[in-house]
Amino acid sequence: MTVLRACLLWAALLASAAALAQPVSQPTTEPVTQPASQPASAPTTTQAASKPTTTATTTTTTTTQAAKEKDRYLAVINGRVHTVSGPVLERATVLSKNGVITALGPDVALPPECEVVDATGLDVYPGLIAAVASGIHGPTNPQDTTNVYSLNMLIALAGGITTALAGNDVAKLTFGSTQDMVVKSNAYVSLTYTTRNPLERAQLRADLERVRTYLRDLQKFEREKATKKDAKPPDKDWLKDKYENYRKLLQHEATAVTSAPETHELRDIAELASAYDFAVVVRGAYEGWTVAPLLGRAGVRAVITPREDRYPDERFNRPTGSSIENARMLREHGVTLAVVPQTPMVTLWGLAGRDLLQLNLEAAFAVRGGLTSEDALRTITIDAARVLGVDDRVGSLEVGKDADIIVCDGDLLHYMTLVRYTIVNGRVAYDKSKESLYAHIRPTGQREVPEFDDQWPRRLQWPEEMQPQRHRDTEDRR
Amino acid sequence: MIAATRRREATRGSIGILPVLLARCPTALLALVLASGMVFAAEPGSPDERFVVIQAGRIITNAGKEIRDGVIVLSGGKIRNVGTGIEYPVNAKVIDARDRVVMPGLINPSTRFGLPGYQRTEVHGNWSVADEYFPLAEGGVGVSPADILDAGYTALALVPAGVGIPGRAMVVRTAGPADQRTLVSPAYLRVTPDKRVFRGALERAQQEIDKVEKARQEFEKKQQGQKPPTQPATQPATQPAAAGTQPATQPATQPAFQPPPIDPAHQVLVDLIQKKPDLFALLELNDASDYVQMSEVLKKFDIAHHFLARNGWESDLNYVVAKLGEEKARIILQPVISRVPASAERIHLVRLFAQAGCEVSLMPLDDSAREHQRMLGRVANLVREGWSREEALKAVTLHPARLLGLDKRLGSIEKDKEADLIFLDGDPLDPRARVREVMILGEIVHRVDDVGQVESGVGQVESARPAGSVEVPER
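Chains R and V are the protein sequences, given in the same order. Heads up: the first sequence begins at 134 in our numbering, then just goes up one per residue. Heads up: the second sequence begins at 25 in our numbering, then just goes up one per residue.
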């Protein structure tokens with residue numbers, strides 16, 4: 134009995150070792166196509182430590198599945214593929230195997246038994262990323278607490294969202310399954326650093342100083358270990374809970390997040406981040422345009438809402454209030470931007486057009502303020518992924534990245550565009566024609582504005598001679 | 025005269041040997057044919073109490089076709105035979121139910137009827153409803169047993185209150201002698217949809233198993249070390265044998281293995297992992313997502329389980345119908361036509377689950393007596409909207425019995441099953457029909473007379489029409 138059990142154990146160990154051995158070789162072959170995803174713009178050193186582990190675990194799960202089941206292929210064919218990180222490819226195919234993109238381009242041979250999504254005449258984008266979200270996943274440990282058939286998740290998928298922040302985790306909208314849901318656990322270390330609470334402010338600085346002194350002492354000890362015999366490592370019994378979080382921050386193993394809408398808060402947190410050299414994401418930042426160069430130099434990343442509208446405060450003799458040009462100005466100074474709507478959740482109670490259903494339109498509002506369309510698209514895809522620290526897996530269409538793809542019936546930033554298919558981890562999670570949400574709207578895909586045969590209020594039938602005359606100048610200008 | 029003595033002999037033996045006796049005795053056969061119909065002439069005086077005969081207008085057996093003008097022969101609280109044209113002892117007690125439809129008593133596979141609620145959380149595998157259930161001499165469970173008998177229920181599975189893993193259920197009869205009241209105790213383990221608690225409990229149980237296994241290995245190693253090295257030749261040969269055979273070969277003086285104690289709250293989960301027979305977990309589902317979440321745990325731990333889904337008025341369970349059907353799952357549902365969430369689309373989940381391959385049992389919408397009384401009406405509505413009638417009637421009788429592991433005893437009218445029956449004055453799904461008599465273990469325990477007067481009590485209600493007093497009319 135026991136011998137048999139030991140044998141089984143060994144067999145299991147060997148199998149898992151074999152499964153582990155495979156994915157290690159996989160990343161080494163891939164980086165040829167990777168570099169596009171790693172431009173030098175953002176100081177993403179924080180991801181360096183976590184990156185290999187995340188990729189290793191994901192590939193392990195997929196390969197063990199493959200050992201059990203057959204390989205799962207899905208191809209989106211003949212679409213206009215917006216890779217985001219690279220060029221737009223006309224009539225191209227995106228092929229994925231077991232949830233990972235394996236080929237991309239105009240001439241891709243499809244394997245037999247491949248699920249095909251025909252995107253002829255349609256636009257293909259990477260899945261959108263909500264850098265702030267609530268109500269889609271469960272509150273903690275999303276893989277255990279999420280209602281995977283919830284209406285909110287379905288509606289968010291209909292809005293093109295495939296990845297969202299869930300509590301402090303980054304999770305995918307894997308409708309009907311919890312498999313490969315969590316992309317990253319503990320995305321942020323949350324900081325409060327406001328002038329409203331000076332004691333807390335001072336405490337944070339003191340704590341950071343203490344951890345920095347410890348790290349310097351540790352470095353010194355490492356240096357002197359070999360030469361000095363009586364060198365002692367610094368005491369580290371206190372280094373837990375919040376101190377452990379601060380250590381991770383200072384050693385670039387984690388990213389800080391804080392709410393900083395106004396100028397003075399932005400300036401303070403940027404100075405703190407520069408002084409202690411840690412990565413920080415600011416939320417709000419509607420006055421970011423007033424201190425854009427400072428934020429850019431400090432390497433701050435920002436989550437903004439272009440449509441946010443705040444009056445300037447006339448008591449100050451400096452620029453205050455929101456600006457439609459906020460996104461453009463921040464972007465020009467090298468701030469990595471993510472765009473979220475005013476109500477970062479799925480609402481069914483009246484805030485039409487301001488919730489996660491219209492994430493793409495929120496980005497389009499940034500274009501009104503001068504941001505280029507390409508950059509606006511980045512704010513809800515690859516740059517949002519970078520703000521969440523998951524740009525190694527999602528946010529653009531590249532070989533080796535996750536197959537999170539949306540197929541739209543037009544330009545994503547156009548107000549008439551609807552999502553036809555949402556694909557998460559290489560599985561079709563939303564099909565417009567099959568869900569009752571939007572199936573009745575333009576079912577054949579025509580893009581003209583529909584003509585209503587009857588309107589309310591009814592148009593008055595004016596006699597010909599009494600028709601209101603257009604001004605001549607206006608006519609000419611047209 | 026000879027025939028008369030033979031008859032007396034025959035009544036002493038079982039029904040099974042009656043035809044044999046008849047075949048061997050042509051005079052007896054002649055006497056039988058001469059007697060009116062297929063029934064022996066009623067002999068005045070002492071009726072033989074060991075046999076009760078029900079002459080039923082219609083019998084819904086749940087095993088094959090419905091029987092018209094049939095006979096059910098009972099003795100010792102069990103069904104001895106059922107069919108048409110069956111001979112039975114002349115002095116048996118006859119219950120004339122020719123204006124009645126007889127069917128097995130209804131079984132509720134999950135309820136808390138009449139028991140108080142508790143705010144319990146986490147894992148309590150050692151708790152059971154038996155700890156809080158005290159059947160009274162009269163009545164028994166709940167505030168008003170007459171109400172639940174009036175609804176036609178003869179058995180209830182009482183579940184422990186709380187969330188997480190609150191304990192084990194208990195299956196009881198709704199009436200009958202006190203010593204026969206309990207059908208199964210402790211019964212299944214109730215598990216509410218909390219993935220964290222469920223997975224944590226099973227992981228803990230696995231740790232307990234590993235702990236015992238480790239202690240056993242250490243014990244065996246120690247035993248080997250103590251062995252005198254004089255018998256090395258036989259030692260390797262016996263070594264690969266199973267651990268169970270080892271103590272037999274060892275001398276009697278050696279101490280037996282004492283396993284370390286297992287946490288009592290997790291003992292039942294250990295039993296589930298080790299696949300103890302007749303034990304299963306009843307996993308409750310509130311929505312489709314709960315099934316996905318709970319089946320993740322079941323992938324890791326292969327334990328015996330059935331499901332209870334609260335489909336209710338609004339449900340998204342349609343997402344997992346195919347998956348549960350593939351599993352051939354046994355599932356308890358509520359008898360309602362649900363609505364797809366945030367829409368006006370009606371969906372007959374009960375039928376969909378049955379068509380997908382699940383074995384569907386039904387439970388009332390809540391624990392009130394009123395809802396138990398509405399049960400057959402709700403089932404009628406399910407049939408009206410396209411479900412099979414036969415399947416629907418099984419879903420309140422045979423399927424719950426099978427789920428509870430009682431299908432050898434209850435759930436249908438067949439030979440050797442216990443006589444927990446109900447008598448209705450019309451078709452069970454007819455809203456005009458009412459349960460008129462309830463029989464438990466061959467005794468009528470509840471009766472509603474023609475003017476609606478209810479008589480209820482254990483063994484106090486005599487059979488509807490005692491055979492001695494009423495002549496069996498000819499047809």
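In this text, a Cβ means the ideal position worked out from N, Cα and C, and glycines have one as well. As the structure is a computational prediction, the values presented were derived from the model and not from experiment.
Counted as a single uninterrupted DSSP element, the beta strand (DSSP E) harbouring SER323 (chain R) occupies residues 321-323. Approximately 4 Å separates the beta-carbon atoms of THR216 (chain R) and LEU530 (chain R); this is inside 8 Å, confirming the contact. The beta carbon of ILE78 (chain V) sits closer than 6 Å to those of ILE96, ILE119 and ALA121, all from its chain and outside the five residues before and after it, given in chain order.
At least one C-beta of chain V is nearer than 9 Å to the C-beta of LEU284 (chain R). For LYS534 (chain R), the closest alpha carbon among the candidates R:GLU223, R:LEU228 and R:ASP204 is that of R:LEU228. When secondary structure is reduced to three states using DSSP, PRO244 (chain R) falls in the coil class, being assigned neither helix nor strand. At a cut-off of 9 Å between beta carbons, LYS246 (chain V) makes no contact with chain R.
In the structure shown, LYS375 (chain R) adopts helical secondary structure according to DSSP, grouped into three states. Here HIS290 (chain V) is buried. Its C-beta has 16 or more other C-beta atoms within 10 Å. At a cut-off of 9 Å between beta carbons, ASP326 (chain V) makes no contact with chain R.
Taking 8 Å as the Cβ-Cβ cut-off, the stretch 302-334 of chain V approaches chain R at ASP311, ALA312, SER313, VAL316, GLN317 and GLU320, given in chain order. Non-local beta-carbon contacts of VAL292 (chain V) in its own chain, meaning distances under 6 Å to residues more than five positions away in sequence, involve GLY149 and LEU213 in chain order. If you check the CB distance, LEU399 (chain R) and ALA408 (chain R) do not come in under 9 Å. Check the Cα spacing between LEU406 (chain V) and each of V:ILE355, V:VAL345 and V:ALA416: the tightest is with V:ALA416. A contact between stretches requires three or more CB pairs, one per stretch, nearer than 8 Å, and the stretch 174-184 of chain V meets this requirement with the stretch 445-462 of chain V. Straight-line measurement puts the Cα of VAL403 (chain V) at about 37 Å from the Cα of GLN276 (chain R). At least one C-beta of chain R is nearer than 9 Å to the C-beta of PRO365 (chain V). Counting C-beta pairs with one atom in each stretch, the stretch 345-362 of chain V and the stretch 318-336 of chain V have three or more that are closer than 8 Å, which means they touch. Secondary structure note for ASP302 (chain R): its beta strand (DSSP E) is the uninterrupted segment 302-305. Cβ neighbours of SER566 (chain R) within its own chain (closer than 6 Å, five residues either side excluded): ALA572.
With 16 or more other Cβ atoms inside 10 Å of its own Cβ, ILE371 (chain V) counts as buried.
Counting other Cβ atoms within 10 Å of its Cβ, SER323 (chain R) stays below 16 and is therefore classed as exposed.
Listed in chain order, the positions of the stretch 475-506 of chain R with a beta carbon within less than 7 Å of a beta carbon of chain V would be empty, since no residue qualifies.
Within the stretch 200-242 of chain R, the runs of beta strand (DSSP E) at least 3 residues long that lie entirely inside it are, in chain order, 206-215, 221-230 and 233-238. Here LEU389 (chain V) is near VAL360 (chain V), since their CB atoms are less than 9 Å apart. In the structure shown, PHE222 (chain V) falls within a helical segment according to DSSP collapsed to helix, strand and coil. Among the CB atoms of chain R, one or more fall inside 9 Å of the CB of TYR343 (chain V). For ARG487 (chain R), the CB contacts under 6 Å within the same chain, skipping 5 residues up- and downstream, are PRO474, GLN475 and THR476 in chain order.
Relative to the Cα of PRO210 (chain V), the nearest Cα in the group V:LEU348, V:GLY429 and V:GLY188 belongs to V:GLY429. Per DSSP, TYR142 (chain V) lies in no alpha helix (DSSP H) and is assigned neither H nor E. Taking 9 Å as the threshold, the shortest C-beta distance from ARG136 (chain V) to chain R does not fall below it. With contact defined as three or more Cβ pairs closer than 8 Å, the stretch 75-93 of chain V and the stretch 104-114 of chain V are in contact. The alpha helix (DSSP H) runs lying completely inside the stretch 418-467 of chain V and spanning 4 residues or more are 422-427, given in chain order. Contact between GLY381 (chain V) and LYS418 (chain V) is absent: CB atoms are separated by about 15 Å, not below the 8 Å threshold. Contiguous beta strand (DSSP E) elements confined to the stretch 386-445 of chain R occur at 388-393, 413-417 and 434-437, taking only those with 3 or more residues.
At least 9 Å separates the beta-carbon of ILE437 (chain V) from that of PRO133 (chain V).
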